[in-house]
Each structure stands twice: as C-alpha cells, then as structure tokens.
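Asker:
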Amino acid sequence: MSVDSSSTADIAAKAAAARERLDQHAYEIVQWHFHESTGCPFWLQKKKELKFDPLTEVKNYDDIKKFPNFEDDWLREGSVRNWVPQAFADKPVYVFETGGTTGQPKRRIVIDDFRTDYEMFSETLPDEYFPRGANWLMLGPSGPRRLRLAVEHLCQHRGGICFCIDLDPRWVVKLIKTGQMDQLEAYKKHCTDQAITILESENNVQCMFATPKLLDSLADALEDKGSSIPQAGITGIFSGGTEFTPQWTRYCVEELFGGPPEKSGVYMTPTYGNTLMGLACSSPVTAADKYKISYYAPQPRAVTEVVSFDDSNEKVGVGETGRVKLTTLTKEFFVPGFLERDEGEREAACAMYPWDGVSGVRPYHEFASSTTVGVY
Amino acid sequence: MLNIPVMRWGEPYESLEIDEVLHFATGEPIAKVSQANGGIIQRDMRKAQQARDTLRQFKISELIAMIAKAADLYENGTLPLGDGVQSPDDFVHQQSASTGLPEHMCRSNMGKNSFVLKNMDRILDCLTRGLDLDILTKGYGMESRGVMLSYQAQAPVLGAVLPSNSPGVHTLWLPVIPLQLGLVLKPGPQEPWTPYRMISAFIEAGIPRNVFSLYPGGPEAGAAVLSSCDRAMIFGGTATVEQYKGNHKVQAHGPGFSKILLGDDVVDDWEKYIDLMAESIYINSGRGCINCSGVWASRHTQEIAQALAEKLGPIEAKPPQDEEAGLAAFTISGMGKAVWNMIETDLKESGVTDMTSQYGDRLVEQERCSYLRPTIVHCKRPENAIAKKEYMYPFSTVVECPQDQMLSKIGPTLVCTAITDNQKWAQELSDATHIDRLNIGPIPTTRLNWLQPHEGSIIDFLFRSRAYQVPE
Chain A
1 MSVDSSSTAD IAAKAAAARE RLDQHAYEIV QWHFHESTGC PFWLQKKKEL
51 KFDPLTEVKN YDDIKKFPNF EDDWLREGSV RNWVPQAFAD KPVYVFETGG
101 TTGQPKRRIV IDDFRTDYEM FSETLPDEYF PRGANWLMLG PSGPRRLRLA
151 VEHLCQHRGG ICFCIDLDPR WVVKLIKTGQ MDQLEAYKKH CTDQAITILE
201 SENNVQCMFA TPKLLDSLAD ALEDKGSSIP QAGITGIFSG GTEFTPQWTR
251 YCVEELFGGP PEKSGVYMTP TYGNTLMGLA CSSPVTAADK YKISYYAPQP
301 RAVTEVVSFD DSNEKVGVGE TGRVKLTTLT KEFFVPGFLE RDEGEREAAC
351 AMYPWDGVSG VRPYHEFASS TTVGVY
Chain B
1001 MLNIPVMRWG EPYESLEIDE VLHFATGEPI AKVSQANGGI IQRDMRKAQQ
1051 ARDTLRQFKI SELIAMIAKA ADLYENGTLP LGDGVQSPDD FVHQQSASTG
1101 LPEHMCRSNM GKNSFVLKNM DRILDCLTRG LDLDILTKGY GMESRGVMLS
1151 YQAQAPVLGA VLPSNSPGVH TLWLPVIPLQ LGLVLKPGPQ EPWTPYRMIS
1201 AFIEAGIPRN VFSLYPGGPE AGAAVLSSCD RAMIFGGTAT VEQYKGNHKV
1251 QAHGPGFSKI LLGDDVVDDW EKYIDLMAES IYINSGRGCI NCSGVWASRH
1301 TQEIAQALAE KLGPIEAKPP QDEEAGLAAF TISGMGKAVW NMIETDLKES
1351 GVTDMTSQYG DRLVEQERCS YLRPTIVHCK RPENAIAKKE YMYPFSTVVE
1401 CPQDQMLSKI GPTLVCTAIT DNQKWAQELS DATHIDRLNI GPIPTTRLNW
1451 LQPHEGSIID FLFRSRAYQV PE
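Residue numbers (my numbering), protein chains in the order written: chain A, 1 to 376; chain B, 1001 to 1472.
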C-alpha cells in the first residue's frame, strides 16, 4: 500500500483521467439533484432562487462554482426530509449529525453512502495488518454520528464483528467548556475501561478505530496493566475524528507502538473525515517524510480543494496554505462549495490518489481560538 | 538562531512541532522552540520517582551548595542552550525580545533569582521554621527537644505551568531541587528563557540532568503537567484559579489584586506615601501580581489620584534597550487594544474618572506591538466595576471607601500594604483570611522579603506532616 514511484508523466496521465471522470460525474450528479423526478425538495426549491439553470449550465466540475457557497445553516434548519431525493423516497433513511461543537449540529441524510465510503476505504487497508475476518474495536463517538455504523460496516465488510463503546462527544465538549477536567478524565477512563473489558474478553480483536486522544488513553491504561497496544493483539489502527498532527503520529509510532509497523507489528492510518464528505484517506505516513500526513478525498464522490482565504473559488498553489473547501457529489447528497472549519496546505496529486490532496489539516485560524477539541 | 528542544528527564527531544520566537519590535528570529504534546508528558511522568531517588542520593546541604554555585552560573556564566550557548547578555536580549520587558528589567530580575539561589540555606531554614533538613530526606527524625517528627513528600516531582508575564515568579519553584523533588516545567510561551537557563545552570553546577523535564507547548501540554503530577502549580487569570479551587494537587496562582490601604489615622498625610504608591504600581512595568492595582482611602482620594497621575501619567513607551524604559510592550497582536477597550467600557460608569487622560493617549500602537501607558483611575465608590480590575501594566484605581467598610469590600488580595497605627484595625487586617501577604506600615507591595513564604508555603504544599512512632 505504498505510493509507487510513478513518473510525473504517469501521474499526469492518471490525473487527467481522474479529472475527466470527475467532470462526467459532476454533470450526472447535478442532473440527478435538479431533475424534478429525482431531486430533493431542498434543491428543487433552491433552483428557483438561482440565477442559472443547473440542468443546462453545469456541464463539468468547474461549473459547480456557479453555485453560491453552501451555508451551514441549511443543514440546521427545516425538515431533514427535505434532503431526501425523490428517487429514494421509499428507502430507509439515516440521519447523521456533526459533533455539535459550535451549537446546533448540522444534519445530513444517508441511505447507503457510509457503506460505499467505507468499502472504498477498505480497499486501501493492508490485509497484513488489518486481517480479513478479524474482529474490531470501535473506540469513538456513538449516538447520531456516522462513525459507529460506518466502522461497524467496514468491519463486517471485511468479515469481522465489531465491538463498540458508548461515547457522547458533546458531553465531552461541555465538560471542557465548563472546566470540569476531573470529570473529563473520569469519562475518558469510563470509555477506556469499556475498551479494555472488550480486549480482555475477546481474543480476536486485531483492528480498531480510535480517536487520537482515546488511543493515547487506551495505551496508557494498558500500560498500567502491564500490557501495551501490540501486546493486546492490535495490529491495525484507523484513527481520526480530531486534529491529527505529524508529531502526534510520531509519538504513537515511536512510543505507544514501539516502532514502525515492520518492527512493532502495528500499522496506523490517519484519516480525515466528516459527516458531509465521507472519508479522506492518507498516503502512507513515514518517519523518512517526517510523519507528514496528506489526505485525499474519495473523488469523484467528494472533492476537497485548498482555496484562498479571500476568494473561495481560487485554489492556492501546491504547497501553499488555504482553507479546505468541500464538494460532495453523491446521488444521496449534493453539497457544492462547503467551506470547512479547517485549513491546510495543498498537496499535489500522487499515483495512488491522482488528484489534489491536503496536508497539515488544522482548525481554520480564525475559528481556532473559539473551538473546543475534545476526545472526539 | 537557537534551536531549543523539549527536555525529557534531561534528554533533549526535537519535536516536529516548532514555535518560532521573534523579536517583538523588530521581527528578528530569536529561537525555534520544540513543542511537547500531552501524551509525551503523561508518559514521561511514569518515571517521575527516579528524579526523587536520584536527588536523595545527595544530602540537602550538598544540593544547597550546588544551587549556590548555580546562582553564579545563572547570573554570569555562558551556558549551553539548545544547539548553542547563551551569555547573560544574550539571555537579557532574548527574554526582552519575547516578553516585551525592557532589557534593564530583565537584568534586574536575574538578580532576584540569583539572590534566592544564593540564600537557599536561609530560605529553607525560614520556610521549614528551622527544621533539621535531614528529616525531609529520611521522612522522619528526632528533634533536639525529644519529639519525633515526620514529613512525607506528597509527590516525587513538582510540576509548574509557568506564565510569560513576570520573570520574578520563578523564585517560587527554585527551592524544589534542594528539597529533593524533581522539576517538571511547562514554560510560558513568551518566556522559555528563565526555566531553560536556570536548569542549564543547575546541571553545570553538578545536579544530575535526569531530574529535570521541560515541556514547552500549548494548553494541552499544560493540562498534561497538571493532570499527571501529584503536586503542581499553575499561574493564570481568575477563571484558571477558579477551575482548580479545591483541587489539593494544584496550587493556583492567579491575579494578585494587591492593594494599598490608607488608614483614617494617616490619610491626611497621604503626600508622604505617594512615592511608595507609585513604586508599588509602576515597578517592573506593573506586570507582577504583587504590583498594586488599588489604593483605598476614606478621603483625599481625588488628590491622591491626581498626584499619582502627575507622577506616572507622562511616562512614555521607550525602546527595550533604553535604560530609562519603564514600560513593557504587549507582544501579542491586538492585546494592548483589547485591554484598553475593556478599560474604556468601565470608564463610562458614573463616578469613574481617568485621571491620566490629560497626559495623552494611553494606548500606543506600534508596527509589531503595543504599549499601554500608566493609567490611574479614580472611583467614587468601591462598587464601581473597575475597582475590582487588574491589568498587566502600571494600572491602579484609587477608591474612596470608609475605613470600616474596606475589609468587606476589597476582595481577595495577594499583597496588602496597610498604612496605619490603629492597632485594632491592624488586628482585623491580620485576621482577614482574604489577605495573603500583609504589610502593616509603609512598605511597597512589591518589596518582598524572600525569607517569608510567598503565596503559600511550598513546604506545606509538598510535604505532609504526620505522626511517626517507634517503640520507646
């Protein structure tokens, strides 16, 4: 699962093909969401307010810039049923909510997207460390979040059974905001205690999802019991949910796992995902590259761009810093130009992911001081 | 430019996260400081006991001798720092560059720290009330009067989340090494200099390096120090102090709200004390918690405020190298303006007057920093909101309040200088539990006797007195 050493010309050719696929996909998705027979009430209503006709004037991905930027509040207000495409009106619908760290949570409807996302992600996981048939531990947010169901599906898709703990990230945020750090520690311990009970009673748990902080707490708790992540039998970890830094990754690899995968037997892949996008995968993270983490969205189902802080239609140059802009393009859900609460550096296409990526993802500097990052 | 690593029990650790320190006035790069993440700190604390075990291999008297040697090295030596070295002049320049303090103040603060180190034997004698220090090493011992005493260390190390504002606070943790406890320090983001230089001096003086950990970093690093050390101190605002109220593991040092109270018996002679008041407000650019932020009297308050304004109001912001510079810069972008905005809001209240307004604008904004010139505000009533405020520059209110109401209205006070010969009132002040350090008589709030416990005795915090019996 390493990025191969394809030539620049190879990557350029793959990127051109990916772009062609994206343009075609963008056209089809816009047709779907704005056609009376398939679109959802929200977009059909919005269509009347637009100064252009999406059905005739969106022919490729760049034409999506004609839409105004997507507003957070559209996902906070009104009936969630407004987002269900007519074509899926009879299907069972899930509602997934964002963490709710800044007030009223954003909501989106999902039918199958989370399964598709995680099946695609599954293809990027090395079987050596994420054995097919192995059981999983899900040590992350539960409740109305996508993660619990998604990780469980990933596990089932790979032939395993998933064990889950309860974690309410909104309670964590409240504890932090009110300075109840002792309660925060107690809650963290409550979560890791549940995880250890699972690890001790179920001997085929070899893979896990964990948020960075819970992974750290779990490693600590295992060490208190004279054990460790590798000794507990964990070989594959998929981590994400909060800001993920190279330094933290290095700390995990060097100190919690006992070295790189070939030495410790533990492989960790950082991810960057959210309810609106799905799961962006990381190119492999190595000490030689100073644990740099570059994420690539699951194009063409979702596209991330790094755009200028001043003009959200202007991509910054490769290596430059900007705000992360997301466009979701699935039949279930269409989100054009959503400005994320994150910033980062634009990364060039690579052979494994021949489209733009983003590295150094961190809270957007203008929001950073007012955002509370908890265990989730 | 220096590269300063994290120090993990004496071992340097270069983080992938770096904080670049720039000169506040010129933007000149000064240092790159590695940043620790919380997990590293919690993990390292598993080995905390080794620090105490190492230090207990020395007698306290030996450690005191090393500390005295460290005093000289700290003040005069060229010491290793990161991938370079640091002379005393480098230290002064670097500390001024990041904190905004004028260089001569940085130099003078070196003297205070050095004094405490040189006099550690006397300081420990006073802090322990003359205890045979071997009792702290062994945990028990027989006193000459035939009584068995026992003092048990409550942690193998002291953690400290240090501030950036006033280098003088470092004196609080200096006695820890001779008390045979390790040091786990999270320096203030603008002031990594004193902890690093002090530790470097300690190591050069012969104290084993594996008893020191230094973790520059963000709030997560501070939280990790506090949660993983059984005894820790933190410096912060009111909200921080409140957060740790009742947490016996944390000694929280918040704002000082230090005050000067003029008794009715002396207030008619207020002019005699103007220099003392001005010194208490202005010295060290008013940055410390021991600087006076409120002068209280029952009468003559308008004249007192006017006289203080005449003395302090004209003081101008000067470059940090100027020996006459009396004001420290706010080096964080927008901070000076934000502070001034808060003051302006409070100045709108009835009965509140800015007595320094006639000496020009208080807020001085420069290209890369800002200054606030000394501000004296008269309050007709103790209830005026600004009477309860404290800011990190020479700022003081002069509050009109009947003497018999002062104790109930001054609020928590770190240092109180009460000028009075009224013995009854002096006794009431002595009994007041919301006053920490009490000066009865004309002593500036900023003049500390280092042989007294400062903001709670560190001995009481680190050691538990307990019963210990052996068969007679």
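Beta carbons are placed, not taken as given, at the ideal position from N, Cα and C, and that holds for glycine.
What span of residues does the alpha helix (DSSP H) with A/R81 cover, start to end?
Answerer: Careful: A/R81 lies outside any alpha helix (DSSP H) and carries neither H nor E.
Asker: Just to confirm my understanding: we take B/I1440, look at its own chain, exclude 5 residues before and 5 after, and list those with CB closer than 6 Å. What are they?
Answerer: Within the same chain, B/I1440 has close Cβ partners A1418 and A1426.
Asker: Between B/T1331 and B/S1098, how many whole angstroms is the CB-CB distance? I'm expecting something under 8 Å.
Answerer: With a Cβ gap of about 7 Å, B/T1331 and B/S1098 count as contacting.
Asker: I'd like to know whether the C-beta of A/T124 is nearer than 9 Å to at least one C-beta of chain B.
Answerer: For A/T124, the answer is no, since every Cβ of chain B falls outside 9 Å of its Cβ.
Asker: Give me the Cα-Cα distance between B/A1467 and B/L1179, rounded to the nearest whole angstrom.
Answerer: Cα-Cα distance, rounded: 20 Å.
Asker: Would you call A/V303 buried or exposed, if buried means 16 or more other Cβ atoms sit within 10 Å of its Cβ?
Answerer: Answer is buried; the Cβ neighbour count reaches 16.
Asker: Per DSSP, A/C164 forms a beta bridge with which residues?
Answerer: Answer is A/M138, bridged to A/C164.
Asker: Measure the C-alpha to C-alpha separation of B/W1193 and B/I1004 and round it to an integer number of angstroms.
Answerer: Spanning the two alpha carbons is a distance of roughly 10 Å.
Asker: Three-state secondary structure (DSSP) at B/M1342?
Answerer: It is helical.
Asker: Helix, strand or coil, according to DSSP, for B/G1027 in the structure here?
Answerer: If DSSP states are grouped into helix, strand and coil, B/G1027 belongs with coil.
Asker: In chain B, which residues lie less than 7 Å from A/Y291 when you measure between Cβ atoms?
Answerer: Per Cβ cutoff of 7 Å: L1016.
Asker: By the criterion of Cβ-Cβ separation under 8 Å, what are the contact partners of B/Q1243 in chain A?
Answerer: Those within 8 Å of B/Q1243 in chain A are G179 and M181.
Asker: Can you check whether the CB of B/K1059 is closer than 9 Å to the CB of B/T1137?
Answerer: A contact, by the Cβ cut-off of 9 Å.
Asker: Considering A/C155, what are the terminal residues of the alpha helix (DSSP H) in which it resides?
Answerer: That run of the alpha helix (DSSP H) goes R146 to H157.
Asker: Three-state secondary structure (DSSP) at B/C1126?
Answerer: B/C1126 falls in the helix class under three-state DSSP.
Asker: Which residues in chain A have a C-beta closer than 8 Å to the C-beta of B/G1336? List them in chain order.
Answerer: In chain order: nothing, as chain A lies at least about 18 Å away.
Asker: Would you list the one or two residues that DSSP bridges to B/A1418?
Answerer: Partner(s): B/L1261 and B/I1440.
Asker: Quick one: list the residues of chain B neighbouring A/E332, beta-carbon separation under 9 Å, in chain order.
Answerer: Those within 9 Å of A/E332 in chain B number zero; the least Cβ separation is about 37 Å.
Asker: Of the residues that make up the segment 247-277 of chain A, which ones have a beta carbon closer than 7 Å to any beta carbon in chain B?
Answerer: Here the close residues are Q247, W248, R250, Y251 and E255.
Asker: Using only the alpha-carbon positions, how far apart do B/S1465 and B/S1150 sit?
Answerer: Taking the straight line joining both Cα atoms gives about 6 Å.
Asker: Mind pulling the chain A residues with CB within less than 7 Å of B/Q1042?
Answerer: In chain order: D220.
Asker: Kindly list the residues whose CB is nearer than 6 Å to the CB of A/S2, restricted to its own chain and excluding five residues on each side of it in sequence; keep chain order.
Answerer: The predicted position of A/S2 is uncertain, since its pLDDT is 42 and thus under 50; a value taken from the coordinates is nonetheless stated next. Excluding positions up to five away in sequence, the list reads P284.
Asker: Ordered along the chain, which non-local residues of its own chain (more than five positions away) have a Cβ less than 6 Å from that of A/T330?
Answerer: These residues qualify, in order along the chain: D113 and R301.
Asker: Evaluate B/T1054 with the Cβ neighbour count: other Cβ atoms within 10 Å of its Cβ, from every protein chain shown; 16 or more gives buried, anything less gives exposed.
Answerer: That one is buried.
Asker: To which residues of the same chain is A/S312 closer than 8 Å at the C-beta, ignoring the five residues directly before and after it?
Answerer: Closer than 8 Å at Cβ, skipping near neighbours: N69, R323, K325, G337 and L339.
Asker: Against chain A, with Cβ distances strictly below 9 Å, would B/S1227 count as a contact?
Answerer: For B/S1227, the answer is yes, since a Cβ of chain A falls inside 9 Å of its Cβ.
Asker: Considering only residues of the same chain and omitting the five flanking positions on each side of A/V318, which have a CB-CB separation below 6 Å?
Answerer: Counting only Cβ-Cβ distances below 6 Å, and skipping sequence neighbours, we find R346 and A348.
Asker: Only counting the same chain, and skipping five residues up and downstream in sequence, which positions put a Cβ closer than 6 Å to that of A/K47?
Answerer: Contacts found: F34.
Asker: Contact defined as beta carbons within less than 8 Å: I believe A/V205 pairs with A/G233. What is the distance between those atoms, to the nearest angstrom?
Answerer: Going by Cβ atoms, the distance from A/V205 to A/G233 rounds to 7 Å, so yes, they are a contact pair.
Asker: Is DSSP giving B/C1379 helix, strand or coil here?
Answerer: Here B/C1379 sits in strand by DSSP.
Asker: Any C-beta of chain B sitting closer than 9 Å to the C-beta of A/E223?
Answerer: Yes, its Cβ sits closer than 9 Å to a Cβ of chain B.
Asker: Within 9 Å of any Cβ in chain B, is that where the Cβ of A/T245 sits?
Answerer: With 9 Å as the cut-off, A/T245 counts as an interface residue toward chain B.
Asker: If you reduce the DSSP assignment to three classes, tell me which class B/R1231 lands in.
Answerer: Coil, per DSSP.
Asker: Measuring only between beta-carbons, confirm whether A/V185 sits less than 9 Å from chain B.
Answerer: The sequence given here places Glu at residue 185 of chain A; Val does not occur at that position. With 9 Å as the cut-off, A/E185 counts as an interface residue toward chain B.
Asker: Run through chain A and tell me which residues come within less than 8 Å of B/A1223, C-beta to C-beta.
Answerer: Here the neighbours are M181.
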